[in-house]
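Trainee: Count along the sequence shown from 1, add 5, and you get the number used in this note's numbering.
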Amino acid sequence: MNKSFLKKMIAMMLSICILLSLSSCVERTVVEEYPEEDSQVTDSQSDDANVESNEATTSETSKVDSATGSTATSGTNSNKPATSSNSQSKKPTSLTKAQVMAKMPKSLKGTTLTYMYWWDPKTQMEGEAIKKFEKETGIKVKSIVVPYNDFQQELAARIAANQAPDLVRLLGNQSWQISSLQPITNSGFNFNDSAWDQQLMKDYTFNGNIYATNLKKSAISDVAVIYYNKKALEEADMEDPYTIWKKNPSKWTWKKFWSMCDEFVAANRKQSGYAGATFEYGDAYVRSLGGGCYSFDASKGKFVNILGEKATSDGWKVTLDAIERGWLLNSHDETKFDQGKVLFFWSGPFSARKLDARQKALKDRNRLGVVPLPTDSKYQVMYEYTAFGIPQGAKNAAAAPYYLRYVLDQSSYNMDNVYYNAQAREVVDYACSKTNRFYGNGTVDGLRDALYASGSKQVDKVLNSYKGAVQDFVNKDNERIKLFSK
């Protein structure tokens, strides 16, 4: 054989081997770098995820509850959450509900998840999804119903008695609520996924720990909207606010809202007991401007005093002036709205839901209208923060994230059946899509009463007199969050 030909053949074979080796290395590198992007989840992959989700099942997480002084354990013998509160994947994922549920640890099947709320979710819109969740996962959901006003006190008592629920609905991100919770990442679940509301979780992040969550496109979000009595509107011969908004959103402003309140009062000859609007929260307009008493600044990780903001002063002046003109009731009265003596009603999305009993008579006669907040609002106000947390001492914390991922997902419902008509769904969906959300955290004792008593001309004087009290409250709240998050 020609020696030259033989040398060429050997060189060619060596080149092929080198190329094959390089190809194998590249393929292996790609697979290792993007392990979670495969949309096909097999049984073996699910089993691997089960192992990962239960890496810390050999020891319990114990923590002293700063609110009760008791030591609470989080986890059971078979489903203990991870001990690290920051065990989040650095690489964000974008998993479907089905992919997440396929990764649920098999050991959770046959367990019970206790959910504490101020009403029974099984009788509300969640009932439809809860039944599906129980059937598909084998996890039983037990409801603990506690009166709204007693909720935090009852939660602390249950934790102290080693009877903590596994999941709670939160009233807000005040420190006195967070003190009864543990970081949600103690569950061992990875919340670094595009489905979860990352902004809300920042609003519930204290000293680097996340204490509550919700889905970004959640089926349950308590955004504020405005209802109107269609019959009262027709009898006053007034233009429909929903039509105004649909034709030209820029025309649906707070100026238009207040002018319609004035028009309604005039159409009813300024009779006693009639008014343009009732606000379930008296500072609703103030918050739409970004004003209030104090708020949590997620970028700073602490509460801040916003009493001195121009939005607070302007908002209260307009609110109190509206009361003095008879446009706004000085105390909330839902009955007068139902009777047609009040045109507008500011509240959350509850009345828009088919199963909610509020405004049932109006809904049965198709007399309840819904419209978003005026479009010149600086913020989409939240009626309440719709957030969910895991209490200290939860015995089945590992099941809570899977319950939330399933029950909060819109795909778990026939959304057309959730709301009482298409208009209600459209408006609530629109409000939920807004990213400029604002809650505001509350007030100090006596401030609102002082504002109502003094009137619109004395707003700045009253606010100035409370600056010290609010700052003292903020300082104490910031000190408190340092204690309970250690």
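We put the beta carbon where it would ideally sit given N, CA and C, even for glycine.
Quick one: measure Cβ to Cβ for Pro-97 and Asp-198, integer angstroms, because I've assumed they're closer than 8 angstroms.
Mentor: So it is a contact: roughly 7 angstroms between Cβ atoms.
Trainee: Report the CB separation of Tyr-299 from Phe-443 in whole angstroms; it is logged as a contact under 8 angstroms.
Mentor: Wrong, their Cβ atoms sit about 13 angstroms apart, outside the cutoff.
Trainee: Which whole-angstrom value is the C-beta distance of Ile-183 and Phe-196, which I expect to be below 8 angstroms?
Mentor: With 8 angstroms as the limit, Ile-183 and Phe-196 do not qualify as a contact, their Cβ atoms being about 16 angstroms apart.
Trainee: Per DSSP, Gln-187 forms a beta bridge with which residues?
Mentor: Looking at the DSSP assignment, Gln-187 forms a beta bridge with Ile-395.
Trainee: Between Asn-191 and Phe-350, what straight-line distance do the alpha-carbon atoms span, to the nearest angstrom?
Mentor: When rounded, the distance between both Cα atoms is 41 angstroms.
Trainee: Would a C-beta distance cut-off of 7 angstroms place Leu-360 and Leu-367 closer than the cut-off?
Mentor: No, the pair does not count as a contact, with Cβ atoms beyond the cut-off.
Trainee: What does the alpha-carbon distance come out to for the pair Lys-439 and Gln-385?
Mentor: Those two C-alpha atoms are separated by around 7 angstroms.
Trainee: Please confirm if Thr-448 has its CB atom under 7 angstroms from at least one CB of chain D.
Mentor: The structure shown contains no chain D; it holds only a single protein chain.
Trainee: Identify, in the order they occur along the chain, each residue of the same chain with its Cβ nearer than 7 angstroms to the Cβ of Gly-331, setting aside the five sequence neighbours on each side.
Mentor: Hits under 7 angstroms: Val-270, Lys-275 and Ala-280.
Trainee: Taking Val-449 as the reference, which of Tyr-471, Cys-437 and Gln-428 has the closest Cα?
Mentor: Residue Tyr-471 is the option with its Cα nearest to Val-449.
Trainee: Drop a sphere of 10 angstroms on the beta-carbon of Asp-454, count the other beta-carbons inside from all chains shown, and report buried for 16 or more, exposed for fewer.
Mentor: It is exposed - the Cβ of Asp-454 has fewer than 16 other Cβ atoms within 10 Å.
Trainee: What are the start and end residues of the alpha helix (DSSP H) that includes Trp-259?
Mentor: Per DSSP, Trp-259 belongs to the alpha helix (DSSP H) from 259 to 272.
Trainee: With distances taken from CA atoms, which of Ser-304, Thr-317, Leu-348 and Lys-481 is nearest Val-467?
Mentor: For Val-467, the nearest C-alpha among the options comes from Thr-317.
Trainee: Of the choices Glu-484, Ala-404 and Cys-437, whose alpha-carbon is the least far from that of Leu-172?
Mentor: The residue with the shortest Cα to Cα distance from Leu-172 is Ala-404.
Trainee: What residue ranges within the stretch 421 to 467 form continuous alpha helix (DSSP H) runs of no fewer than 4 residues, ordered along the chain?
Mentor: Entirely contained in the stretch 421 to 467, the alpha helix (DSSP H) runs reaching 4 residues are, in chain order, 427 to 438 and 452 to 459.
Trainee: Do you know whose CA, among Ser-185, Gln-179 and Ile-149, lies nearest Asp-208's CA?
Mentor: Ranking Ser-185, Gln-179 and Ile-149 by Cα distance to Asp-208 puts Gln-179 first.
Trainee: With the cut-off set at 7 angstroms, would you say Arg-410 and Val-151 are in Cβ contact?
Mentor: No.
Trainee: Contact between the stretch 415 to 424 and the stretch 252 to 272: three or more CB pairs below 8 angstroms?
Mentor: Cβ pair count under 8 angstroms is below three, so no.
Trainee: Between the stretch 319 to 326 and the stretch 284 to 300, do at least 3 Cβ pairs fall closer than 8 angstroms?
Mentor: Taking 8 angstroms as the limit for Cβ pairs, the verdict is that the stretch 284 to 300 does touch the stretch 319 to 326.
Trainee: Give me the Cα-Cα distance between Tyr-138 and Tyr-120, rounded to the nearest whole angstrom.
Mentor: Residue 138 is actually Phe in this sequence, not Tyr. Taking the straight line from one Cα to the other gives about 14 angstroms.
Trainee: When DSSP labels each residue in this structure, what does Val-499 get in the three-state scheme?
Mentor: Residue 499 lies beyond the stretch modelled for the chain, which goes from 6 to 491, so this question has no answer here.
Trainee: Which residue wins for smallest C-alpha separation from Ala-327, given the options Lys-260, Thr-340, Pro-377 and Asp-369?
Mentor: Checking every option, the nearest Cα to that of Ala-327 belongs to Lys-260.
Trainee: DSSP on Gly-320, reduced to helix/strand/coil?
Mentor: DSSP places Gly-320 in helix when its eight states are reduced to three.
Trainee: Give a yes or no on contact between the stretch 248 to 255 and the stretch 297 to 312, applying the rule of three or more CB pairs nearer than 8 angstroms.
Mentor: Contact fails: fewer than three Cβ-Cβ distances are below 8 angstroms.
Trainee: I need the DSSP call for Asn-480, collapsed to helix, strand or coil.
Mentor: Asn-480: helix per DSSP, three-state reduction.
Trainee: Counting C-beta neighbours from all protein chains within 10 Å, is the total for Gln-168 16 or more, i.e. buried, or is it exposed?
Mentor: Flag for Gln-168 reads exposed.
Trainee: Should Val-375 and Gln-428 be called a contact, given that it needs their Cβ atoms to be closer than 7 angstroms?
Mentor: The answer is yes: Cβ separation under 7 angstroms.
Trainee: Buried or exposed: Ser-255, going by 16 or more other Cβ atoms within 10 Å of its Cβ?
Mentor: So Ser-255 ends up on the exposed side.
Trainee: Thinking Thr-324 and Leu-333 are a contact (beta carbons under 8 angstroms), I'd like their distance in whole angstroms, please.
Mentor: Contact flag correct, Cβ pair sits at about 7 angstroms.
Trainee: Below 8 angstroms on the Cβ atoms is my contact criterion, and I expect Leu-312 with Val-475 to pass it. Report the Cβ-Cβ distance as a whole number of Å.
Mentor: The pair is a contact, with the Cβ atoms about 5 angstroms apart (cut-off 8 angstroms).
Trainee: Please name the residue, chosen from Ala-303, Glu-329 and Gln-187, that lies closest to Ala-161 on a Cα-to-Cα basis.
Mentor: The shortest C-alpha separation from Ala-161 is found at Gln-187.
Trainee: Leaving out the 5 sequence neighbours to the left and right, which residues in its chain are closer than 7 angstroms to Ser-461 when beta-carbon positions are compared?
Mentor: The answer, listed in chain order, is Lys-322, Leu-325, Asp-326 and Glu-329.
Trainee: Mapping DSSP to helix, strand and coil, what is Asp-245?
Mentor: Looking at Asp-245 - three-state DSSP - the assignment turns out to be coil, as it is neither helix nor strand.
Trainee: With a threshold of 16 other CB atoms inside 10 Å of the CB of Asp-227, please say whether the residue is buried or exposed.
Mentor: Asp-227 comes out buried.
Trainee: Which residues in the same chain have their Cβ closer than 8 angstroms to the Cβ of Lys-95, if we skip the five residues on either side of it in sequence?
Mentor: Cβ neighbours of Lys-95 beyond the five flanking positions: Asn-197.
Trainee: Evaluate Val-35 with the Cβ neighbour count: other Cβ atoms within 10 Å of its Cβ, from every protein chain shown; 16 or more gives buried, anything less gives exposed.
Mentor: Because the pLDDT of Val-35 is 28, which lies under 50, any placement of that residue in the model is unreliable, and the question is left without a value.
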